[in-house]
Structures are given as C-alpha cells and as structure tokens.
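Protein chains in written order, with the numbering used here: chain E, 1 to 84; chain Z, 1001 to 1257.
Please read the structure below before turning to the comments.
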C-alpha cells in the first residue's frame, strides 16, 4: 500500500526525530520532515543503500516523495543473503 | 516445556556451506531435546575436493548420502534419512519420480515439519516457502550470505492456518523475480557451469549459528518468532533483528526516538 497521505505536496512537514534502518544499521536521526529521496541521499553512500532499495514503514511502501513523520520507523529493505 | 515426548521432523534442504554445519547442530538438538525425531537431508549435489575449504564432510559423493552416512553411527536416537534429490516446483515440466534426482517440494514437506532452506539460490528458496505456505502448521528457516562477511536469516511460521510471520516475499523482491535459477531445473551441464563464488567459512558458519539460535528460541523454548529476520555483518561486528510478525506489522509503526 502506498502512503500517499504523506506525500511531499502536503503541508505536513513536521521536523524532528525518526528512526531509519537498513540491514545491520538502525539509527534515530533528525530526518522527520524530509522526503524519502532526501533520506536516501543522506544515508545512501554511508550505508551503501542501493538506489532500488524500496522504503517501507511496516508493510506500507513509501514513495520517494513521501515525507517522514516524527517518530516514524522507516526501513530501506535490504536484499537477503543469497549463497550458502 | 516437555520436549521429550514431542518428536519432530526436521527437513534440511541443502548440505553445503551452511547446511553441513547446520546439520551438526540440528542432529545434536534433536538427539537430546527431541529424541525419536527424524532429520531428513535433501541435496542432489555432490561433494568435491574443492568444497573442503568451507564445507564439513569426510568423503566425496552425494551430499545428502555422505552427510547422513557420517551422522548415523554417532546419533542413535535420531533417524537420519538422506534424499539425494533436487527440490523442484509443482509446475516443473520434467519427469519427477522415484528414479529421477528430483522431488517436488509439496511431496517433501508436510504438516508440522521444521524446514531449513539453506540452498544457494532464491529460486529454490521460493519453491520451498511457497510449498510451506500451503500448509497449516509449519516453520521454515532460511539463511544465506554474500561472498564476504554479510549474511541474513529468516523464519517463516504458520500456526492453525494463520501466518504468524510474513512470507519473505513480502519484503524481498528477489523472491518474486529470482535473479538465479533452481539447480534442480537445470541440466547437469548447466549446473556445472554455475560459479560457487568466493564465500567465506566464517559467514557460512555464522548463518548456521544464527539459525540454530532461532530454533533454540522458537522451537525448543516455543517463544515468539519476533526476531523474524536478522541481518549480520561479521566485518562490522553488527547484527540487527527485524520483527516480521503480523501482530507487529499491523501496529502503528512509530517508535520513541
């Protein structure tokens, strides 16, 4: 389900802390009010988040223009280990 | 919880880099926690000399048969059954019978099994998870690693026809469109051309250990599978659990930060 209710076109851009996760990384950060694209730009290089890693909040897929809400738990899905 | 009178059937699919180490743990767990249980080892592949760098075996030959032959004399309270076959999907168009080295996942897995999908490709994992999803009571653990020090595990659980944890395809597009092919659906020539990569022993063993830890918590101790998916990186010395239970995913996803 897309969370279009939090798209960037809406005025609700409350700033503050939210939580971002990717693979082994899990960090509270001052990202509330930023779009998913902005968060990806900020953490993509330091955590190695691929450009095609989809952002989720629980089961809900977040599009690139979705705005992170205070206290929200945002996860960029990491590909699982393949070999064995 | 009394585990003594509760024998299990563990199905280990894949006896390679992860599977040989996991087998050593699973058989001990069954022998002492669930005596009278069965460990079924499934693999159509063969051990080769080059596998010794990171796989645990003493003879060359079919992986399921060799591994079972090694374990049988050591563990008398556990029935160890080798199935030297590749697991294929119900839609597999080739011949699948007693004489071919193939077995359908739906013929292999049954109610109340605990399945370990420690193969080296997403295509075979998906076949196993999809077969398990048709059952009412099932646990499937999977794990894998990259060619370095990263790995991950996942636990899919159903009870009384309800999914306790989400099917991994909900979080992993690689299950919908596997970038690889199930070796069971390839010819011998095509299988021989698959590169094994440059995996590391430490990562293979860590995946096995993480899975064994989850079995201890969720099967032996019968606790919640809320650490459903775990990512780890031995290079960074980090691991991180993710809750994929439906009871958690259906909650409001906010945290105190």
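Glycine is no exception: its CB is placed at the ideal position from the N, C-alpha and C atoms.
These numbers were taken from a predicted model, which means no experiment stands behind them.
Leaving out five residues on either side along the sequence, give the residues of the same chain with a beta carbon under 6 angstroms from the beta carbon of residue i.
i: residue 11 of chain E; result: Low confidence applies to residue 11 of chain E: its pLDDT is 43, below 50, so where it sits in the model is not reliable, and the reading given next is rough at best. Answer for residue 11 of chain E: no residue qualifies.
i: residue 1010 of chain Z; result: 1026, 1039 and 1114
i: residue 1079 of chain Z; result: 1038
i: residue 1204 of chain Z; result: 1017, 1018 and 1054
i: residue 1062 of chain Z; result: 1046 and 1084
i: residue 1232 of chain Z; result: 1151 and 1239
i: residue 1277 of chain Z; result: Nothing about residue 1277 of chain Z can be reported from this structure: the residues present for chain Z run from 1001 to 1257 only.
i: residue 42 of chain E; result: none
i: residue 4 of chain E; result: Model confidence at residue 4 of chain E stands at a pLDDT of 39, short of 50, so the residue's coordinates are unreliable and nothing is read from them.
i: residue 1096 of chain Z; result: 1102 and 1104
Measure from the alpha carbon of residue i to the alpha carbon of each residue in the options, then state which is nearest.
i: residue 1137 of chain Z; options: Z/1162, Z/1153, Z/1080 and Z/1213; result: Z/1162
i: residue 1249 of chain Z; options: Z/1228, Z/1100 and Z/1236; result: Z/1228
i: residue 29 of chain E; options: E/23, E/38 and E/19; result: E/19
i: residue 1158 of chain Z; options: Z/1141, Z/1053 and Z/1043; result: Z/1141
i: residue 1238 of chain Z; options: Z/1151, Z/1220, Z/1184 and Z/1201; result: Z/1151
i: residue 1090 of chain Z; options: Z/1100, Z/1043, Z/1106 and Z/1081; result: Z/1106
i: residue 1240 of chain Z; options: E/84, E/68 and E/27; result: E/27
i: residue 35 of chain E; options: E/58, E/47, E/14 and E/25; result: E/14
i: residue 1013 of chain Z; options: Z/1199, Z/1198, Z/1124 and Z/1211; result: Z/1124
i: residue 1131 of chain Z; options: Z/1156, Z/1085, Z/1160 and Z/1068; result: Z/1156
i: residue 1224 of chain Z; options: Z/1165, Z/1182 and Z/1005; result: Z/1165
i: residue 1222 of chain Z; options: Z/1056, Z/1108, Z/1023 and Z/1033; result: Z/1033
i: residue 1076 of chain Z; options: Z/1095, Z/1036 and Z/1051; result: Z/1036
i: residue 84 of chain E; options: Z/1109, Z/1145, Z/1206 and Z/1101; result: Z/1145
i: residue 1111 of chain Z; options: Z/1139, Z/1100 and Z/1093; result: Z/1139
i: residue 1102 of chain Z; options: Z/1183, Z/1073, Z/1172 and Z/1118; result: Z/1183
i: residue 1030 of chain Z; options: Z/1193, Z/1098, Z/1052 and Z/1220; result: Z/1220
i: residue 51 of chain E; options: E/16, E/17, E/22 and E/82; result: E/22
i: residue 1198 of chain Z; options: Z/1051, Z/1247 and Z/1213; result: Z/1051
i: residue 1214 of chain Z; options: Z/1143, Z/1186, Z/1109 and Z/1246; result: Z/1143
i: residue 59 of chain E; options: Z/1190, Z/1028 and Z/1245; result: Z/1245
Would residue i and residue j be called neighbours here (beta carbons separated by less than 8 angstroms)?
i: residue 1148 of chain Z; j: residue 1235 of chain Z; result: yes
i: residue 1202 of chain Z; j: residue 1021 of chain Z; result: no
i: residue 1174 of chain Z; j: residue 32 of chain E; result: no
i: residue 1042 of chain Z; j: residue 1064 of chain Z; result: yes
i: residue 1169 of chain Z; j: residue 1126 of chain Z; result: yes
i: residue 74 of chain E; j: residue 24 of chain E; result: no
i: residue 1218 of chain Z; j: residue 72 of chain E; result: no
i: residue 1185 of chain Z; j: residue 1057 of chain Z; result: no
i: residue 1116 of chain Z; j: residue 1153 of chain Z; result: no
Hey, could you find the ends of the alpha helix (DSSP H) residue i is sitting in?
i: residue 1249 of chain Z; result: 1246-1249
i: residue 45 of chain E; result: 36-47
Spatial neighbours of residue i within its chain, please: C-beta separation below 7 angstroms, excluding the five flanking residues on both sides.
i: residue 77 of chain E; result: 53, 54 and 56
i: residue 1180 of chain Z; result: 1121, 1122 and 1123
i: residue 6 of chain E; result: Any reading at residue 6 of chain E must be qualified, since the residue scores a pLDDT of 45, below 50, and its modelled position is unreliable; no value is offered.
i: residue 48 of chain E; result: none
i: residue 1167 of chain Z; result: 1129, 1133 and 1156
i: residue 1008 of chain Z; result: 1030, 1034, 1037 and 1114
i: residue 1251 of chain Z; result: none
Where do the N-terminal and C-terminal ends of the beta strand (DSSP E) with residue i fall, by residue?
i: residue 1240 of chain Z; result: 1238-1242
i: residue 28 of chain E; result: 25-32
i: residue 20 of chain E; result: 16-22
i: residue 61 of chain E; result: 60-62
i: residue 66 of chain E; result: Counting along the chain, residue 66 of chain E falls outside any beta strand (DSSP E), and DSSP gives it neither H nor E.
i: residue 75 of chain E; result: 73-76
i: residue 55 of chain E; result: 55-57
i: residue 1009 of chain Z; result: 1009-1013
Leaving out five residues before and five after residue i in sequence, what residues of the same chain have Cβ atoms less than 8 angstroms from its Cβ?
i: residue 1049 of chain Z; result: 1060
i: residue 9 of chain E; result: Confidence at residue 9 of chain E is low in this model, with a pLDDT of 42, below 50, so the placement of that residue is unreliable and no value is reported for it.
i: residue 1160 of chain Z; result: 1136 and 1137
i: residue 1243 of chain Z; result: 1226, 1227, 1228 and 1249
i: residue 1072 of chain Z; result: 1080
i: residue 1028 of chain Z; result: 1075
i: residue 1094 of chain Z; result: 1088, 1100, 1102 and 1185
Cβ-heavy atom distance between residue i and the ligand SAH below 7 angstroms?
i: residue 17 of chain E; result: As presented, the structure is devoid of all ligands, the ligand SAH included, so that no description of it is given.
Could you pull out every unbroken alpha helix (DSSP H) segment of at least 4 residues lying fully inside the region 1155-1234 of chain Z, listed in chain order?
1173-1176, 1188-1192 and 1201-1215
Give the list of continuous beta strand (DSSP E) stretches no shorter than 3 residues that lie fully inside the region 1020-1067 of chain Z.
1038-1042
Unbroken stretches of the alpha helix (DSSP H), 4 residues or longer, contained in the region 1060-1138 of chain Z:
1063-1071, 1105-1108 and 1122-1133
Report the residues of the region 1030-1055 of chain Z with a CB closer than 9 angstroms to any CB of chain C, ordered along the chain.
This model lacks chain C altogether; the protein chains it does include are E and Z.
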